[in-house]
Amino acid sequence: MKKLIFLSILISQLTFSETNDFYDFHVIENDLSYETTLRYENILNFSKSTNKLNFYSTYVDLRQYNDYSKIYWNLGQGYIFLSNTWDLEYSIEKNFVTYQQKDIGDQDFHGWELDFLFRNHLEKFDWIGHRWSRSWGFGTSYSDGGNLEYDLFDERVTDIFLTYRISTNFDNIGKGGSYLSLTTNAGGVLSSVKDDGYRLNFIADTITNWGYGFQTANRLTNELRSYGNYSDSYMLNFVSVTSWTYELSYDFAFITDVYFESENFFSGTERPNKIEFNIFPHIGYNKKLNDSFRFFAKLGITPISIVKYSSGFDDSDFYAKGVAGVTYRW
Numbered sequence: 000m001k002k003l004i005f006l007s008i009l010i011s012q013l014t015f016s017e018t019n020d021f022y023d024f025h026v027i028e029n030d031l032s033y034e035t036t037l038r039y040e041n042i043l044n045f046s047k048s049t050n051k052l053n054f055y056s057t058y059v060d061l062r063q064y065n066d067y068s069k070i071y072w073n074l075g076q077g078y079i080f081l082s083n084t085w086d087l088e089y090s091i092e093k094n095f096v097t098y099q100q101k102d103i104g105d106q107d108f109h110g111w112e113l114d115f116l117f118r119n120h121l122e123k124f125d126w127i128g129h130r131w132s133r134s135w136g137f138g139t140s141y142s143d144g145g146n147l148e149y150d151l152f153d154e155r156v157t158d159i160f161l162t163y164r165i166s167t168n169f170d171n172i173g174k175g176g177s178y179l180s181l182t183t184n185a186g187g188v189l190s191s192v193k194d195d196g197y198r199l200n201f202i203a204d205t206i207t208n209w210g211y212g213f214q215t216a217n218r219l220t221n222e223l224r225s226y227g228n229y230s231d232s233y234m235l236n237f238v239s240v241t242s243w244t245y246e247l248s249y250d251f252a253f254i255t256d257v258y259f260e261s262e263n264f265f266s267g268t269e270r271p272n273k274i275e276f277n278i279f280p281h282i283g284y285n286k287k288l289n290d291s292f293r294f295f296a297k298l299g300i301t302p303i304s305i306v307k308y309s310s311g312f313d314d315s316d317f318y319a320k321g322v323a324g325v326t327y328r329w
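In case it helps, numbering that gives the first Met the number 0 puts the sequence shown at residues 0 to 329.
What follows is the structure in structure tokens.
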């Protein structure tokens with residue numbers, strides 16, 4: 000559920016991503032309501048309006064470490080226009096970990112991340128001097144451990160949830176303006192270990208275009224989990240990504256992403272807390288093939304990647320990363 004709600008903001012408004020896909024933080028704004036079908040598309044961190052109401056993307060993300068590789072294969076991601084008020088948002092991802100040299104306990108891994116959400120866009124309203132969009136939705140998500148990060152639990156999880164979100168823009172913050180959304184989610188969780196239960200969370204997202212190629216996206220998540228290996232466990236998570244984009248030509252750009260995440264659990268679980276920081280300088284490529292298709296790619300090296308857990312586990316490592324995929328709008 001967490002991943003799909005981030006997806007709905009980062010893809011149809013700005014993806015929820017627990018795999019730290021930097022390109023998920025690019026600003027794609029969606030101002031869809033019962034009165035309008037205005038949408039935006041992202042091109043090398045810059046957005047423009049489009050009259051296309053449906054979006055599909057597929058890509059492969061390969062990360063090569065010293066002794067193992069991670070592959071994120073997204074079979075499909077985007078949204079489908081169902082009516083003037085309803086969208087279907089979706090993401091279907093297959094993940095792989097392959098070890099070239101196995102230490103004791105290492106084993107190859109593959110898993111699924113499936114997310115589907117029906118979203119209903121409601122009439123806008125005025126509040127505290129701003130015009131707010133609002134929507135509600137219902138959906139389901141499935142994960143069998145596909146975030147590929149250090150985790151104490153081998154657990155398959157299915158969420159069935161409701162979501163409600165309000166959002167607005169602030170033109171006076173940043174040269175390109177700012178975006179704010181507040182999301183509440185609640186639902187039941189089916190776990191492959193121990194008991195089924197529930198998950199409740201509140202999410203605040205901000206996106207600011209500072210100008211001169213700088214953008215910042217922040218997310219604060221407060222979540223109560225009670226299922227499987229969590230017993231009334233409270234989680235506080237903060238993610239921030241700052242990107243700087245410098246156009247090299249019409250199709251190429253040099254981009255540097257600075258990523259920070261802090262995740263803390265309070266009571267009810269043995270899962271460790273996490274601090275992550277990395278820098279990803281890379282070359283981005285985006286080519287228009289025709290009126291509907293675009294090809295995109297990224298290639299770069301992460302010279303600094305620090306991932307530390309309160310249990311003492313250290314997943315810090317240098318790695319190279321390449322992304323390639325296509326988008327289709329209709």
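In this text, a Cβ means the ideal position worked out from N, Cα and C, and glycines have one as well.
Unbroken beta strand (DSSP E) run spanning residue i, endpoints
{"i": "D250", "result": "No beta strand (DSSP E) holds D250; DSSP gives it neither H nor E."}
{"i": "L116", "result": "F108 to W126"}
{"i": "T84", "result": "Per DSSP, T84 belongs to no beta strand (DSSP E) and is neither H nor E."}
{"i": "N41", "result": "R38 to I42"}
{"i": "K193", "result": "First-last for K193: undefined, no H or E at that position."}
{"i": "P280", "result": "K273 to K287"}
{"i": "L161", "result": "V156 to F169"}
{"i": "S140", "result": "H129 to S142"}
{"i": "F45", "result": "F45 to T49"}
Proximity below 8 Å, CB of residue i to CB of residue j
{"i": "V188", "j": "D158", "result": "yes"}
{"i": "Y55", "j": "G75", "result": "yes"}
{"i": "F295", "j": "T326", "result": "yes"}
{"i": "S134", "j": "L113", "result": "no"}
{"i": "G110", "j": "N94", "result": "yes"}
{"i": "F279", "j": "S261", "result": "no"}
{"i": "D195", "j": "Y233", "result": "no"}
{"i": "T84", "j": "N119", "result": "yes"}
{"i": "I254", "j": "N277", "result": "no"}
{"i": "K297", "j": "H281", "result": "yes"}
{"i": "I42", "j": "N228", "result": "no"}
{"i": "G176", "j": "F160", "result": "no"}
{"i": "R198", "j": "T182", "result": "no"}
{"i": "E275", "j": "I300", "result": "no"}
{"i": "N221", "j": "F201", "result": "yes"}
{"i": "E92", "j": "W72", "result": "yes"}
{"i": "N272", "j": "S309", "result": "yes"}
{"i": "G136", "j": "T97", "result": "no"}
Closest Cα partner of residue i within the set the options
{"i": "Y178", "options": "T205, D60 and T162", "result": "T205"}
{"i": "T207", "options": "N168, W85, D60 and T182", "result": "N168"}
{"i": "N217", "options": "Y233, S230, S242 and Y226", "result": "S242"}
{"i": "F213", "options": "S180, E88, D256 and F201", "result": "D256"}
{"i": "I172", "options": "W209, E154 and R164", "result": "W209"}
{"i": "N50", "options": "T182, T220, F160 and Y39", "result": "Y39"}
{"i": "Y67", "options": "W329, Y318, V322 and R328", "result": "Y318"}
{"i": "I180", "options": "Y211, F137, V156 and R130", "result": "Note that residue 180 is Ser in the sequence shown, not Ile. Nearest option by C-alpha distance: R130."}
{"i": "L219", "options": "L116, I274, S239 and Y211", "result": "S239"}
{"i": "F80", "options": "F117, D125 and N44", "result": "F117"}
{"i": "K174", "options": "E154, F45 and Y211", "result": "Y211"}
{"i": "S190", "options": "V322, R224 and R155", "result": "R155"}
{"i": "R328", "options": "V322, K287, W126 and I127", "result": "K287"}
{"i": "D143", "options": "F115, K69 and F108", "result": "F108"}
Opposing strand residues paired with residue i [DSSP bridges]
{"i": "E222", "result": "N200 and M234"}
{"i": "G324", "result": "Y58 and F295"}
{"i": "K307", "result": "I274 and D313"}
{"i": "L179", "result": "T167 and T205"}
{"i": "T301", "result": "Y318"}
{"i": "E260", "result": "V238 and E275"}
{"i": "N217", "result": "T205 and S239"}
{"i": "S68", "result": "Q63 and T97"}
{"i": "S90", "result": "Q76 and D114"}
{"i": "T244", "result": "I254"}
Residue-level contact to chain B via CB, residue i, 8 Å cutoff
{"i": "R130", "result": "The structure shown has no chain B; it contains just one protein chain."}
Would you say the stretch 285-294 touches the stretch 264-271, given that touching needs at least three Cβ pairs under 8 Å? no
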